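Quick note, the sequences are listed as chains A and B, same order.
The first sequence begins at 3 in our numbering and counts up one residue at a time.
The second sequence begins at 11 in our numbering and counts up one residue at a time.
Beta carbons: idealized from backbone N, C-alpha and C, even for Gly.
If you're wondering where the values come from, they're calculated on a predicted model, not measured in any experiment.
First up is the structure itself, then whatever we jot down about it.
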Amino acid sequence: MPTYSLKINGTEQQLEADPAMPLLWVLRDMLGMVGTKFGCGIGQCGACTIHVDGQPMRACSIPASALVGRDITTIEGLASDTNLTALQQAWIDLDVPQCGYCQSGQLMSAAALLESKPNPSDDDIDAAMAGNYCRCGTYVRIRQAIHQAAASKTAMFYDATEKNQEDLV
Amino acid sequence: MSLHNDNKNLIETVAEKVEQQQLAESSSDGFSRRGFLKVTGIAGGGLVLAMTMPSIPSFAQTSNDLESTIELNAFVRVGSDGKIQIYAAHPDIGQGVKTALPMIVAEELGVKWEDVDVLMAPIDDRFGRQGVGGSTAIPRNFQLLREMGASAREMFIGAAADAMNVPRDELKAENSRVVHSSGKSMSFAELAKLGIQNQPVPDPGTLKFKDRSEYTILGSSDITGIDNYNLVNGNPLFGVDISIPEMKYAAYHKCPSPRGKVVSANLDDIKKLPGITDAFLVEGNGDARLLLDGVAIIGTSTWAVFNAKQQLEVEWDYTTASKDSWTDMVARAEAGQNQLGDQIVKEVGNVDNIFADAANKTIQSHYQYPFISHICLEPMNCTADYRKGENGVDDTVELWPPHQFPARAYEVAEQVFGMKKEQVQINPVTRVGGSFGRRVYGEYISEAIAISKQAGVPVKLTWTREDCMRHDFFRAGGFQTLKAALNPEGKLVAWQNHFVGITVGDRPASGARLRDVEFPMLNLDHVKGTQTTFNIGTPCGPLRAPSANATSFVVQSFIHELALAAGRDHLEFLLEIMGEPRWFEPDNDRSLNTGRAADVIKLAAEKAGWGKTLPAGQGLGLAFHFSHRAHVAEVAHVSVDANKKLKVHKVTVAVDVGPIINMSGARSQIEGSVVDGLSGMVGQKITMENGEVEQTNFHEYPVLRIPATPEIDIHFIESEYPPTGLGEPALPPLVPAVANAIYAANGDRVRHLPLTDQGYSV
Numbered sequence: 003m004p005t006y007s008l009k010i011n012g013t014e015q016q017l018e019a020d021p022a023m024p025l026l027w028v029l030r031d032m033l034g035m036v037g038t039k040f041g042c043g044i045g046q047c048g049a050c051t052i053h054v055d056g057q058p059m060r061a062c063s064i065p066a067s068a069l070v071g072r073d074i075t076t077i078e079g080l081a082s083d084t085n086l087t088a089l090q091q092a093w094i095d096l097d098v099p100q101c102g103y104c105q106s107g108q109l110m111s112a113a114a115l116l117e118s119k120p121n122p123s124d125d126d127i128d129a130a131m132a133g134n135y136c137r138c139g140t141y142v143r144i145r146q147a148i149h150q151a152a153a154s155k156t157a158m159f160y161d162a163t164e165k166n167q168e169d170l171v
Numbered sequence: 011m012s013l014h015n016d017n018k019n020l021i022e023t024v025a026e027k028v029e030q031q032q033l034a035e036s037s038s039d040g041f042s043r044r045g046f047l048k049v050t051g052i053a054g055g056g057l058v059l060a061m062t063m064p065s066i067p068s069f070a071q072t073s074n075d076l077e078s079t080i081e082l083n084a085f086v087r088v089g090s091d092g093k094i095q096i097y098a099a100h101p102d103i104g105q106g107v108k109t110a111l112p113m114i115v116a117e118e119l120g121v122k123w124e125d126v127d128v129l130m131a132p133i134d135d136r137f138g139r140q141g142v143g144g145s146t147a148i149p150r151n152f153q154l155l156r157e158m159g160a161s162a163r164e165m166f167i168g169a170a171a172d173a174m175n176v177p178r179d180e181l182k183a184e185n186s187r188v189v190h191s192s193g194k195s196m197s198f199a200e201l202a203k204l205g206i207q208n209q210p211v212p213d214p215g216t217l218k219f220k221d222r223s224e225y226t227i228l229g230s231s232d233i234t235g236i237d238n239y240n241l242v243n244g245n246p247l248f249g250v251d252i253s254i255p256e257m258k259y260a261a262y263h264k265c266p267s268p269r270g271k272v273v274s275a276n277l278d279d280i281k282k283l284p285g286i287t288d289a290f291l292v293e294g295n296g297d298a299r300l301l302l303d304g305v306a307i308i309g310t311s312t313w314a315v316f317n318a319k320q321q322l323e324v325e326w327d328y329t330t331a332s333k334d335s336w337t338d339m340v341a342r343a344e345a346g347q348n349q350l351g352d353q354i355v356k357e358v359g360n361v362d363n364i365f366a367d368a369a370n371k372t373i374q375s376h377y378q379y380p381f382i383s384h385i386c387l388e389p390m391n392c393t394a395d396y397r398k399g400e401n402g403v404d405d406t407v408e409l410w411p412p413h414q415f416p417a418r419a420y421e422v423a424e425q426v427f428g429m430k431k432e433q434v435q436i437n438p439v440t441r442v443g444g445s446f447g448r449r450v451y452g453e454y455i456s457e458a459i460a461i462s463k464q465a466g467v468p469v470k471l472t473w474t475r476e477d478c479m480r481h482d483f484f485r486a487g488g489f490q491t492l493k494a495a496l497n498p499e500g501k502l503v504a505w506q507n508h509f510v511g512i513t514v515g516d517r518p519a520s521g522a523r524l525r526d527v528e529f530p531m532l533n534l535d536h537v538k539g540t541q542t543t544f545n546i547g548t549p550c551g552p553l554r555a556p557s558a559n560a561t562s563f564v565v566q567s568f569i570h571e572l573a574l575a576a577g578r579d580h581l582e583f584l585l586e587i588m589g590e591p592r593w594f595e596p597d598n599d600r601s602l603n604t605g606r607a608a609d610v611i612k613l614a615a616e617k618a619g620w621g622k623t624l625p626a627g628q629g630l631g632l633a634f635h636f637s638h639r640a641h642v643a644e645v646a647h648v649s650v651d652a653n654k655k656l657k658v659h660k661v662t663v664a665v666d667v668g669p670i671i672n673m674s675g676a677r678s679q680i681e682g683s684v685v686d687g688l689s690g691m692v693g694q695k696i697t698m699e700n701g702e703v704e705q706t707n708f709h710e711y712p713v714l715r716i717p718a719t720p721e722i723d724i725h726f727i728e729s730e731y732p733p734t735g736l737g738e739p740a741l742p743p744l745v746p747a748v749a750n751a752i753y754a755a756n757g758d759r760v761r762h763l764p765l766t767d768q769g770y771s772v
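The structure is reproduced here in structure tokens:
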């Protein structure tokens, strides 16, 4: 079995795995990182969404060995230590999850959206989130939470700017 | 004996069992309530019950320092720091009971929600029936859990009365403290150290409960899901996330036509594939609910076994397999739909005379809806560790079943493997990734047991998406012909329904029969309900709001047709049928209450701006449907363009389920039901030919996505009736509300679902 190394959430992980094994199963069955979910196996539902170099991708459909040298981020790496991102906090505050199974994938798609568009419109949200099913139908709150996270990030930015100005004065 | 009575003897669907048990228990004398507190009696004597906590690798939070806490009753423990631990004893399948039910305990106890730790309860008789279904978790447990909270509260008050040397009736519990009328107070933490376990356990008959005006927790919008933090961080919570030592991964392949028997498979080839450690045939018992024949594949990863499954070559014996054809079912139903059924469900007055009266206007319509699948996003799975006993010791099995009734695994182990309860350990699963009525049967539990037993290793069995879609217990498709008469004043005077339904194994499939109490049959002087059934082989079962999820579409669309035929406003026509406020079924306060119904109908109409003028191509549609003791009315606002592209702009929902327990959770269930109802009606349809389901994965079975999600405007009437559940009842009215709105927008009456079959898209 070939060995290779993947950089996941900033850490290099040595693996001995079939090169064809999709990242999803490397994460779940070999590394015990089970936050990334299996939903359909054909890239239709988005439950396995992760980031490769910041871009949202479906982990069920990419052989892990193709990702050597790339930066992989999973739901486990979204928060830094215990500091939640504004998006995760909005998800909690607006009580987005019902069963919760799809929410890792929803969050990863939403996080990638906010990276590229810090203040997304409803159309931007529709375009970025349409690949993620929620069987429980939490879409109304997903939309609200993305807007709320965008607003709070903007607020944090302005707070920081004002504080910096005060410091300068 | 009428057919209806005959059918009653045959009722075996789980959803109906739930309802039956619930009715039986509600009329009992409170014995079970004493039982829960009797546990306390033992604890009150200074003994913390010796309770075996299950070993749950990766789920360590459930065994939080139990030894340093004091048990006040089956559901409540207190730590020396005053933190209250409340057991969540029911599976959270996304309906929010793991948050809502402990809130009931906390409210009566007088603890601040921040001071509560919710623990997952083990599967144990002391918690009563640990199952969920039929939107019954709130109505079944509300009184019991109030008693658990109030009983623990009285123990704190007793301890405070002793410590402060004041009469009990001068004390009250609030914000995790017991407060004296003088203002002096003691915290739960202080009281926990003062021998609270020696306080007598109150007689449940003496307990007093808070008035709704005193609530600080119940009805709150601020309390959010107990597992949210773990969910947004991707922590392991689901059955499919479980890992136990020495565990292998398993897949199971069954005949695409249910109940086909396995003859042989290319096992030698499969065993040579990378990552595969074993492969073998499993002999089932022919019961889809228990264990069907199949091929088991064991390996070192889910991917390895899924991959190997695709390379299986199996010879099946189709002799006993389902031969069902949806095309044939439709042809058969359509051929007979203008006749009445041979089974008379209800007959009052004489509908034929009314229909024959030339002064009356008679309208008839045929409605049809397809089989649909549950498509829970977490696939069916179960982890099982079967151990052979040695030296005369019995075999044992330890299970992690994501299930609506986890204790059903005892029945499955007994029925399929002849194991006694003592041989079976069932571990609770922290969350279940959707269920919608799917996880009430035990076949995936049996499969995991059978595979672990035969392989001699612990296994996590995971179904592929294709397995989940093809081997479901489907919502049965159905065909209903409605006929009604309007008198010269435009009043509904006669109603006839011929239901062509499905039986499986000669039992009516869940929801696939005409109920003699179906609205509006009890309200009229001339009613006839008949039924024709035919037997099929496709497994069917309850799906979110069984019966109601289809019948609402038929009945509430037809009422709109009648209003139009009478030249009357739909709202006014519907309210007239409702009539004076009363229980629809006399002496049944769990039945439709026409007053509550009228109130939600009027509220939804008012909030949606019923009667307002809309641009061409837009329409409002109204519908009401009663199910699961809930009164729900919805108004949909839609646009439909010339190419039948549908946009649902907004759905206004008015609900009376009594007082709301968890406001955020209640709204979530309604939002989810609206999306689910729309998702189902737009494009979902399961078909089968030669017994084989033709849809395999989401590319052939669409789920509604975020762009098609409407705005959802929710209004509650928090009446004084006892609180009831919301997991299901907001779904049924959505379907006819949208169908009626489509008619209002473009004049097209939708009588067959899904909409995509009628040329619509979203």
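In chain order, what residues of the region 230-249 of chain B put their CB closer than 8 Å to some CB of chain A?
-> Thr234, Gly235, Asp237, Asn238, Tyr239, Leu241, Val242, Asn243, Gly244, Asn245, Pro246, Leu247, Phe248
Report task. Kindly list the residues whose CB is nearer than 8 Å to the CB of arginine 137 of chain A, restricted to its own chain and excluding five residues on each side of it in sequence; keep chain order. Result -> By 1-based counting over the first sequence, the position of residue 137 of chain A is 135. The residues are Cys101, Tyr103, Cys104.
Residues of chain B with CB closer than 9 Å to the CB of glutamate 78 of chain A, please, in chain order. For this step, residue 78 of chain A is matched to residue 76 along the first sequence. Per Cβ cutoff of 9 Å: Asn243, Gly244, Asn245.
TODO: Identify, in the order they occur along the chain, each residue of the same chain with its Cβ nearer than 6 Å to the Cβ of glutamate 432 of chain B, setting aside the five sequence neighbours on each side.
DONE: Taking the first residue of the second sequence as 1, we reach residue 432 of chain B at position 422. Excluding positions up to five away in sequence, the list is empty.
**Asked** Taking the alpha carbon of aspartate 55 of chain A as the point to measure from, which residue in A/Ala49, A/Ala68, A/Ala92 has its own alpha carbon closest?
**Response** Along the first sequence, read from residue 1 onward, the residue named residue 55 of chain A stands at position 53. Nearest C-alpha to aspartate 55 of chain A: A/Ala68.
* Tell me, which residues are paired with glutamate 325 of chain B by DSSP? -> On the second sequence, position 315 is the one that residue 325 of chain B refers to. According to DSSP, which records beta bridges pairwise, glutamate 325 of chain B is partnered with B/Ser274.
Distance, Cα to Cα, valine 665 of chain B vs alanine 640 of chain B?
Here the question's residue 665 of chain B lines up with position 655 in the second sequence. Here the question's residue 640 of chain B lines up with position 630 in the second sequence. Going by the C-alpha atoms only, they are around 7 Å apart.
Distance CB(glutamine 490 of chain B)-CB(arginine 449 of chain B) smaller than 8 Å: Stepping through the second sequence from its first residue, residue 490 of chain B is reached at position 480. Stepping through the second sequence from its first residue, residue 449 of chain B is reached at position 439. Not in contact: glutamine 490 of chain B and arginine 449 of chain B (Cβ atoms no closer than 8 Å).
Practice task
Could you tell me which chain B residues have their CB closer than 8 Å to the CB of glycine 34 of chain A, listed as they occur along the chain?
Solution key: Numbered from its first residue, the first sequence carries residue 34 of chain A at position 32. Here the neighbours are Ser253.
Excluding the five sequence neighbours on either side, which residues of its own chain have a C-beta within less than 8 Å of the C-beta of serine 68 of chain B, listed in chain order? The residue you call residue 68 of chain B lines up with position 58 of the second sequence. Bear in mind that the predicted position of serine 68 of chain B carries a pLDDT of just 29, short of 50, making it too unreliable to give a figure here.
* DSSP state of threonine 234 of chain B, grouped into three classes? -> Indexing the second sequence from 1 puts residue 234 of chain B at position 224. Three-state result, threonine 234 of chain B: coil.
Quiz item: Does the distance from the C-beta atom of leucine 532 of chain B to that of glutamate 595 of chain B stay below 8 Å?
Solution: Taking the first residue of the second sequence as position 1, residue 532 of chain B is located at position 522. Taking the first residue of the second sequence as position 1, residue 595 of chain B is located at position 585. Yes, Cβ-Cβ distance for leucine 532 of chain B and glutamate 595 of chain B is below 8 Å.
Exercise for review: Please name the residue in B/Gln153, B/Ser230, B/Ile233, B/Val242 whose C-alpha comes closest to that of lysine 218 of chain B.
Suggested key: Along the second sequence, one-based indexing puts residue 218 of chain B at 208. Cα-wise, what sits closest to lysine 218 of chain B is B/Gln153.
Less than 8 Å between C-beta atoms, sequence neighbours within five positions excluded: which residues of the same chain meet that for asparagine 370 of chain B? Residue numbering aside, residue 370 of chain B sits at position 360 when the second sequence is read from its first letter. Once the five neighbours on either side are set aside, the close Cβ partners of asparagine 370 of chain B are Ile364, Ala495, Leu496, Asn497, Pro498, Val503, Ala504.
Can you find a CB in chain A that lies within less than 8 Å of the CB of cysteine 386 of chain B? In the second sequence, residue 386 of chain B corresponds to position 376, counting from 1. At least one chain A Cβ lies under 8 Å of cysteine 386 of chain B.
Fill in: Proximal chain B residues relative to serine 106 of chain A, where beta-carbon distance stays under 7 Å
In the first sequence, residue 106 of chain A corresponds to position 104, counting from 1. The answer, in chain order, is Gly244.
_I want to verify the contact list: residues of chain B whose CB lies under 8 Å from the CB of alanine 132 of chain A, in sequence order._
As a working mapping, residue 132 of chain A is identified with position 130 in the first sequence. Arg715, Ile716, Pro717, listed in chain order.
Can you list the residues of chain B that glycine 139 of chain A reaches, using a CB-CB cut of under 8 Å?
Position 137 of the first sequence holds residue 139 of chain A. Neighbours of glycine 139 of chain A on chain B, chain order: Glu681, Gly682, Ser683, Val684, Val685, Asp686, Ser689, Leu714, Thr719.
Exposed unless 16 or more other CB atoms sit within 10 angstroms - verdict on histidine 647 of chain B: For the purposes of this step, residue 647 of chain B is taken as residue 637 along the second sequence, with counting starting at 1. Its Cβ being crowded by 16 or more others within 10 Å, histidine 647 of chain B is buried.
- Is threonine 38 of chain A close to chain B, meaning its C-beta is less than 8 Å from at least one C-beta of that chain? One-based indexing of the first sequence puts residue 38 of chain A at position 36. Yes, contact with chain B.
For glutamine 95 of chain B, report the span of its beta strand (DSSP E) as first-last.
Position 85 of the second sequence, counting from 1, holds the residue named residue 95 of chain B. It spans 94-98 - the beta strand (DSSP E) in which glutamine 95 of chain B sits, taken as one unbroken run.
Q | Terminal residues of the alpha helix (DSSP H) in which methionine 130 of chain B lies | A | Translated into the one-based positions of the second sequence, residue 130 of chain B becomes position 120. Counting along the chain, methionine 130 of chain B falls outside any alpha helix (DSSP H), though it belongs to the beta strand (DSSP E) covering 126-130.
Straight-line CA distance for methionine 61 of chain B to isoleucine 103 of chain B? Working through the second sequence from its first residue, we reach residue 61 of chain B at position 51. Working through the second sequence from its first residue, we reach residue 103 of chain B at position 93. Note that methionine 61 of chain B scores 26 on pLDDT, short of 50, meaning its location in the model is unreliable; the coordinates nonetheless yield the value given after this. Roughly 26 Å between the two C-alpha positions.
- request: Indicate whether the contact test is met: 3 or more Cβ pairs, each with one atom in the region 90-99 of chain B and one in the region 644-662 of chain B, closer than 8 Å.
  value: no
Report yes if the CB atom of cysteine 265 of chain B is closer than 8 Å to the CB atom of proline 389 of chain B, and no otherwise.
As a first step, residue 265 of chain B must be located in the second sequence, where it is residue number 255. As a first step, residue 389 of chain B must be located in the second sequence, where it is residue number 379. No, Cβ-Cβ distance for cysteine 265 of chain B and proline 389 of chain B is not below 8 Å.
*asked:* What are the residues in the region 103-124 of chain B lying within 8 Å of chain A by C-beta distance?
replied: Ile103, Gly104, Gln105, Gly106
> Going by beta carbon distance, what residues of the same chain come within less than 7 Å of leucine 300 of chain B, once the five residues before and after it are set aside?
Replying inline: On the second sequence, residue 300 of chain B is found 290 positions in, with the first residue counted as 1. Excluding positions up to five away in sequence, the list reads Val422, Gln425, Val426, Gly452, Glu453, Ser456.
Checklist entry - By Cβ distance, which residues of its chain are closer than 7 Å to lysine 48 of chain B, with the 5 residues on each side in sequence left out? => result Position 38 of the second sequence, counting from 1, holds the residue named residue 48 of chain B. Caution is warranted here: a pLDDT of 42 is assigned to lysine 48 of chain B, below 50, making its placement in the model unreliable, and the coordinate value is therefore given only provisionally. Cβ within range, chain order: n/a, list empty.
- Message: Going by DSSP, what residue range makes up the alpha helix (DSSP H) through aspartate 107 of chain A?
- Response: Walking along the first sequence from the start, residue 107 of chain A turns up at place 105. First, the amino acid is wrong: residue 107 of chain A is glycine here, not aspartate. Per DSSP, glycine 107 of chain A belongs to the alpha helix (DSSP H) from 105-118.
Less than 8 Å between the beta carbons of alanine 614 of chain B and glutamate 644 of chain B, yes or no?
In the second sequence, the residue the question calls residue 614 of chain B occupies position 604. In the second sequence, the residue the question calls residue 644 of chain B occupies position 634. Going by C-beta atoms, alanine 614 of chain B is nearer than 8 Å to glutamate 644 of chain B.
| Hey, how far is the Cα of alanine 275 of chain B from the Cα of leucine 322 of chain B? | Within the second sequence, numbered from 1, the residue matching residue 275 of chain B stands at position 265. Within the second sequence, numbered from 1, the residue matching residue 322 of chain B stands at position 312. If you take the alpha carbons of alanine 275 of chain B and leucine 322 of chain B, they lie about 7 Å apart.
| request: Go ahead and pull the three-state DSSP assignment for glycine 168 of chain B. | output: Counted from its first residue, the second sequence places residue 168 of chain B at position 158. Glycine 168 of chain B falls in the helix class under three-state DSSP.
Note to self: With a threshold of 8 Å between beta carbons, is asparagine 83 of chain B in contact with chain A?
What the structure shows: In the second sequence, the residue the question calls residue 83 of chain B occupies position 73. Not one chain A Cβ lies under 8 Å of asparagine 83 of chain B.
Curious, which full-length alpha helix (DSSP H) runs of at least 4 residues does the region 596-641 of chain B contain? 604-618
Please classify glycine 10 of chain B as buried or exposed, where buried requires at least 16 other C-beta atoms within 10 Å of its C-beta.
Summary: the structure shown does not reach residue 10 of chain B, with chain B confined to residues 11 through 772, and so no result is reported for it.
Q.
Can you tell me whether phenylalanine 85 of chain B is helix, strand or coil according to DSSP?
A. Start at 1 with the first residue of the second sequence, and residue 85 of chain B comes out as number 75. Note: phenylalanine 85 of chain B maps to coil in three-state DSSP.
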